[in-house]
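These notes concern the structure reproduced below.
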Amino acid sequence: MTVQQLDMDDSNSELCALICERIAASPQRRITFAKYMDLALYHPQHGYYNSDRPSIGKQGDFITSSHWGADFAEVLADQFVEMWELLDRPFNFAIVEMGAGRGNFAENVLQYLQRQYPDLFQILEYIIIEVSPVLQAEQRQVLADIKCVKWCNWDEIINNSIVGCFFSNELVDALPVHQFILEQGQVREIYVAAEIPKNEQEEIKFVEVVGEVSTPKIAEYFDLVSIDLSASVYGDGYRSEVNLVALDWMSTVAQKLQRGYLLTIDYGYPAHRYYNPRRSEGTLQCYYHHRYHNNPYINVGRQDLTAHVNFTALERQGELCGLDVVGFTQQALFLMALGLGDRLASLSTNDAEVLDVATFLRRREALHQLIDPMGLGGFGVLVQSKGLREEEKVHEAKLSRRESLKGFTVP
Ligand SMILES: C[S@@+](CC[C@H](N)C(=O)[O-])C[C@H]1O[C@@H](n2cnc3c(N)ncnc32)[C@H](O)[C@@H]1O
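If you use my numbering, the sequence shown corresponds to residues 55 to 465, in order.
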């Protein structure tokens, strides 16, 4: 199958050449789509997240909740404080942020805790795990004055050592996914190959080829999430993605967490909606200058590639690794339960008088963006826990399963 090229292509030619070399050196001259996505996003010199142009924010390709002012971080900081209290105020509490982007979330959380909860701020360790050297450098600049922050890779965190909360916003959607297609009732994998240019003027062209699955883990994944792709509702040509890296990530977090929580925010669905037979083209999307399309073979290294998150897979894999589900809800409800509604109300009543009109409108727009059900407000929020002591479990049992943390109470 040849992928149609769009008119405009802003690919990084060095990256294309590198991917081409990798393809040429691979068996059958093809790489999995997951490998392609990994190189396109995270190649240490030329990958999208290591380019010199900002990827996230108004000047970049997409805006995350962390870029709509400080409110998102501040209400989540209130949730971290409740977690700290439920864990009995341990002196070694850590927040581990995975995939910290440009560092705004960490900065806003830490400034808020310093102002409002100095007793937690005093003992807090804020650990960042960040794969992109360029973004890590930016985070180090933004957070240079805050002493409790450190950067680690997974190997530097001892197993069973973290008491606190692992947190990520829009990390899991950025992990490389395998792509598959159904052919005559069989699950087949989509690989990426390259058409060698016939002369110097021609560009490298990436093409898709279909073959046998690269790993038995793909079949195991569908068992894990109870999806039967051999059911007659799935027609030939149905294609979608499988995020195996997310399962490994979940196992690693569970391994490192001794006692506390994992809070994951991202766009996605439970498995039955993700693999709805009508969603026959999957969820892969490319972001380029605040526009999205579905051709991952143009603008290589200059556009973001993402796939929605299968929250059932995160829940089930977590359970296998000893993580209990505390609750799953939508970002709008979670933030409202944590006080975003009060912030909106006080903006209309009090602050309107002290803010100039432009600042007032900007802040109101930001708060609305965070809870817009068609946008960020519709994101999923999953909280899992490990090693909660008996009295905390009693606290959970007393309230319903969904109400064990403030974020899961009815706003
Ligand atoms: C879509 S951005 C979200 C950034 C930030 N959380 C925010 O809300 O603005 C994804 C982030 O995850 C990072 N990332 C991707 N894969 C990662 C991994 N395996 N480990 C750590 N960070 C990763 C990227 O470099 C980037 O910082």
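Beta carbons: idealized from backbone N, C-alpha and C, even for Gly.
Here the structure is a predicted model, which means the values were calculated and not measured.
Taking the C-beta atoms as reference points, valine 203 is found no nearer than 8 Å to glutamate 295. Annotation for lysine 259: Glu249 place their beta carbon closer than 6 Å to its own, counting only its chain and skipping 5 residues before and after. A direct Cα-Cα distance of roughly 48 Å separates phenylalanine 414 from leucine 72. Under the DSSP assignment, glycine 381 falls in the beta strand (DSSP E) whose first and last residues are 378–384. Non-local beta-carbon contacts of leucine 377 in its own chain, meaning distances under 6 Å to residues more than five positions away in sequence, involve Ala308, Gln438, Lys440 in chain order. DSSP places tryptophan 138 inside the alpha helix (DSSP H), whose first and last residues are 125–140. Phenylalanine 276 has no beta-bridge partner at all, per DSSP. Contact fails between the region 105–120 and the region 138–147, because fewer than three Cβ pairs, one in each stretch, are under 8 Å apart. Ligand 1 approaches glutamate 224 closely enough that one of its heavy atoms is under 7 Å from the residue's Cβ. Contact between the region 225–245 and the region 169–182 is not established, with fewer than three Cβ pairs separated by less than 8 Å. Distance from the Cα of leucine 93 is smallest, within the candidate group Leu424, Gln357, Phe365, for Gln357. At least one heavy atom of ligand 1 is found less than 7 Å from the C-beta of isoleucine 110. The closest heavy atom of ligand 1 lies less than 7 Å from the beta carbon of serine 120. Between the region 231–240 and the region 194–210 there are fewer than three C-beta pairs closer than 8 Å, too few to call the two in contact. Relative to ligand 1, even the nearest heavy atom lies 7 Å or more away from the CB of valine 307.
Take methionine 152, set aside five residues on each side of it, and the residues of its chain with a beta-carbon closer than 6 Å to its own are Ile183, Ser222, Leu225, in chain order.
Residue environment analysis places histidine 343 among the exposed positions, since fewer than 16 neighbouring C-beta atoms fall within 10 angstroms of its C-beta. Using a 10 angstroms sphere on the CB of arginine 327, the tally of other CB atoms stays under 16, which defines it as exposed.
In the pairwise beta carbon analysis, the region 417–426 is classified as not touching the region 366–381: fewer than three pairs are separated by under 8 Å. Within the DSSP secondary-structure output, threonine 86 pairs in a beta bridge with Tyr245.
Taking the Cα positions, valine 261 is about 18 Å away from asparagine 253.
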